[in-house]
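Peer 1: Submitted below is the structure of interest, expressed as structure tokens.
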Amino acid sequence: MPGPLLHSLVLPFVLGVALDAGAGPSQSCGRDSAETECRPGVASFSARTETPGPRCPKGFEPSFGEGPGRRFRCVAAPRPVEKPAPQAPAASSAPEDGAAKGRGCPPGTRRLKTENPFEPVRCIAASEASPPVLKPDRYRSYEVPGELRLDYPADWHLTDAWKDDVPSLYIQLDTRRDGKPVTLTVSRFRAKRRGYQDIETMMRQESEWHGAKEGGKGAVGGLPARFLEVPNQTRLAYLRTADGHIVIGYSAPEEFFRSYAPAYARLLKTFHVVHDEQDPHPEAAE
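The sequence shown runs contiguously to residue 1228 in the numbering used here.
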């Protein structure tokens, strides 16, 4: 039987082993790896006195595997997601066009409606805002030999396209000005021409496509006429002829429409057709 001296040496050793086994694994985990297994050993004094159970170094957290033989590990703690700093709005390289945004134009400029769908309204210099004033005493006569005669403002620009497939005259106030032009047009449509559409069809299309309203009936140059109008935008006169019909039109921006309407009235008043039914393009007729 062991003596008292042996008991005094063995008992403290057994108690120490038991205490170390209850303390669990130590915190000897590597700091350089994202996932490091801890080695079993003697727990430190701080581990037994500050926080019971296994501990991991800063930046790591404990993890236990699944199953009966779960093994303790130290894994990298998830980092908080940093929210991106709000970015300041990009500086505009050019000031916004007030007209396009529905606001007023800067001093010294005015709003101008255009026919560009990407820029329906823009600001222009005041010096470009007002077109030339219509002078009621300055008109000149123009004649298409064997076809027609009319008067138009002397300082407007006339383009004779009477030899085109659809014989036409185009009379514009100012061809250099941006935006929708102020225009007078005269076009002749012959029933024998391929693709001809009668007056009723053309008037119905204008009503459906552009919202034109019928303005009654009358006579122009001794020919029966019917009238259409898109308020403050367009006026049209349809004149029935022996071989088809003639369309006389007037269009202008809304702000200039009333100012130049007298030029259209003068054209209708002086319009005269020479009753020559010869088709200048017989090769294109059906």
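Backbone N, C-alpha and C define an ideal beta-carbon position, used for all residues, glycine too.
For Pro1095, which of helix, strand or coil comes out of DSSP?
Peer 2: Three-state DSSP puts Pro1095 in a strand.
Peer 1: Determine whether the beta carbon atoms of Thr1183 and Leu1165 lie at a separation below 8 Å.
Peer 2: Contact flag set, yes.
Peer 1: The alpha helix (DSSP H) with Phe1198 in it runs from where to where?
Peer 2: Counting along the chain, Phe1198 falls outside any alpha helix (DSSP H), and DSSP gives it neither H nor E.
Peer 1: Where DSSP assigns a beta bridge to Cys1065, which residues make up the other side?
Peer 2: The partner list for Cys1065 (beta bridge, DSSP) reads Arg1053.
Peer 1: Under the DSSP definition of a beta bridge, which residues are partnered with Phe1213?
Peer 2: In the DSSP output, where bridge partners are listed per residue, Phe1213 has none listed.
Peer 1: Could you check which residue in Ser1129, Val1215, Arg1080, Gln1147 has the C-alpha nearest to that of Thr1101?
Peer 2: The option with the nearest alpha carbon to Thr1101 is Ser1129.
Peer 1: By how many angstroms is the C-alpha of Gly1137 removed from the C-alpha of Asp1107?
Peer 2: When rounded, the distance between both Cα atoms is 11 Å.
Peer 1: Just the Cα atoms here: how many angstroms apart are Ala1179 and Val1063?
Peer 2: Ala1179 and Val1063: Cα-Cα distance of roughly 29 Å.
Peer 1: Which residue's Cα is closest to the Cα of Tyr1081: Pro1048, Gly1088, His1099, Pro1087?
Peer 2: When each option's Cα is compared against that of Tyr1081, the closest is His1099.
Peer 1: Alpha carbon to alpha carbon, what distance is there between Asp1185 and Lys1134?
Peer 2: The straight-line gap from Cα to Cα measures roughly 8 Å.
Peer 1: Please report the straight-line C-alpha distance between Ala1167 and Met1144, rounded to a whole angstrom.
Peer 2: Each residue's alpha carbon lies about 14 Å from the other.
Peer 1: Suppose you measure from the CA of Pro1049 to the CA of Glu1171; what does that come to, to the nearest Å?
Peer 2: Roughly 35 Å separates the two Cα atoms.
Peer 1: Does the segment 1151-1165 come close enough to the segment 1199-1214 to have 3 or more Cβ pairs within less than 8 Å?
Peer 2: Because the criterion of three Cβ pairs below 8 Å is met, the segment 1151-1165 and the segment 1199-1214 touch.
Peer 1: When DSSP builds the beta bridges, which residues end up paired with Glu1171?
Peer 2: Answer is Lys1155, Arg1177.
Peer 1: If you count every other CB in all the chains shown that lies within 10 Å of the CB of Pro1173, and 16 or more means buried, which is it?
Peer 2: So Pro1173 ends up on the exposed side.
Peer 1: Please list the terminal residues of the continuous beta strand (DSSP E) segment that includes Glu1085.
Peer 2: From DSSP, the beta strand (DSSP E) with Glu1085 extends over 1081-1086.
Peer 1: Apply the 10 Å Cβ neighbour rule to Ala929 and answer buried if 16 or more other Cβ atoms are within range, or exposed otherwise.
Peer 2: Past the boundaries of the shown model lies residue 929; the chain is included only from 943 to 1228, so the question cannot be answered.
Peer 1: Buried or exposed: which applies to Pro1087, given that a residue is buried once 16 or more other Cβ atoms fall within 10 Å of its Cβ?
Peer 2: It is exposed - the Cβ of Pro1087 has fewer than 16 other Cβ atoms within 10 Å.
Peer 1: Under a Cβ-count criterion, where at least 16 other Cβ atoms within 10 Å of its own Cβ denotes burial, should Arg1015 be classed as buried or exposed?
Peer 2: Answer is buried; the Cβ neighbour count reaches 16.
Peer 1: If you compare alpha carbons, which of Phe1131, Asp1079, Pro1123 is closest to Glu1196?
Peer 2: Residue Pro1123 is the option with its Cα nearest to Glu1196.
Peer 1: Quick one: what's Gly1186 bridged to in DSSP?
Peer 2: In DSSP, Gly1186 forms a bridge with Arg1132, Thr1183.
Peer 1: When you compare the CB positions of Leu1209 and Tyr1094, do they come within less than 8 Å of one another, or not?
Peer 2: Yes, the Cβ-Cβ distance between Leu1209 and Tyr1094 is below 8 Å.
Peer 1: Could you tell me if Arg1132 is buried or exposed, where buried requires 16 or more neighbouring beta carbons within 10 angstroms of its beta carbon?
Peer 2: The residue is buried, with at least 16 neighbouring Cβ atoms inside 10 Å.
Peer 1: Looking at C-alpha atoms only, which residue of Glu1085, Asp1097, Cys998, Ile1141 is the closest neighbour of Thr1125?
Peer 2: Selected option, being the one with the closest Cα: Asp1097.
Peer 1: Look up Arg1015 in the DSSP assignment and say whether it is helix, strand or coil.
Peer 2: Here Arg1015 sits in strand by DSSP.
Peer 1: Is it true that the CB of Trp1104 sits closer than 8 Å to the CB of Glu1089?
Peer 2: Result yes, Cβ atoms of Glu1089 and Trp1104 sit closer than 8 Å.
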